[in-house]
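Counting the sequence shown from 1 gives a position; the numbering used here is that position plus 234. A virtual CB, placed ideally from N, CA and C, is assigned to each residue, including glycine. Owing to the predicted nature of the structure, the values given are computational and were not obtained by experimental measurement.
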Amino acid sequence: ATPPRGGNECLVAAGFTEIPSEFGENHNKQVSLRRQKMVTKTKAMRTLVMTSMPSEKQNTVVQVVKALGGFSIVDRVCESTTHVVSGGHRRTLNILLGIARG
Numbered sequence: 235a236t237p238p239r240g241g242n243e244c245l246v247a248a249g250f251t252e253i254p255s256e257f258g259e260n261h262n263k264q265v266s267l268r269r270q271k272m273v274t275k276t277k278a279m280r281t282l283v284m285t286s287m288p289s290e291k292q293n294t295v296v297q298v299v300k301a302l303g304g305f306s307i308v309d310r311v312c313e314s315t316t317h318v319v320s321g322g323h324r325r326t327l328n329i330l331l332g333i334a335r336g
């Protein structure tokens, strides 16, 4: 049979497997060869939002984020936002959206 196209596949081992019993006997169990489709999950890029911050502090945050990697900086909170950084004690829309999204 022709394997299905698309996605990653891997072969599951074929042969015999020993399964020990509680009485010391070994039972051989035949394992068949089959294809399993591997699920490839792409991790969404995490985003960071800055609000109520002076330009010099924003530049510092941008430098740190670039050095550490793994984040993209955006202007508004969205589904991929994991961090909201605030320059002061204010209730901006981005802060409230960040809290609401968890």
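With which residues is L282 paired in a DSSP beta bridge?
In the DSSP output, where bridge partners are listed per residue, L282 has I307, H317.
Do N293 and V311 have their beta-carbon atoms positioned less than 8 Å apart in this structure?
No, Cβ-Cβ distance for V311 and N293 is not below 8 Å.
Only counting the same chain, and skipping five residues up and downstream in sequence, which positions put a Cβ closer than 8 Å to that of V319?
Closer than 8 Å at Cβ, skipping near neighbours: L282, V283, M284, T285, M287, V295.
Classify G304: buried if its beta carbon has 16 or more other beta carbons within 10 angstroms, exposed otherwise.
G304 should be labelled exposed.
Please classify G322 as buried or exposed, where buried requires at least 16 other C-beta atoms within 10 Å of its C-beta.
By the neighbour-count rule (16 or more Cβ atoms within 10 Å), G322 is not buried but exposed.
Just to check my reading of the structure: T316 and R280 have Cβ atoms closer than 8 Å, yes? What is that Cβ distance to the nearest angstrom?
T316 to R280, Cβ: 5 Å. Contact.
Check whether the Cβ atoms of V298 and I307 sit closer than 8 Å, and answer yes or no.
Their beta carbons are not under 8 Å apart, which means V298 does not touch I307 by this criterion.
Secondary structure at R325, three-state DSSP: helix, strand or coil?
Coil.
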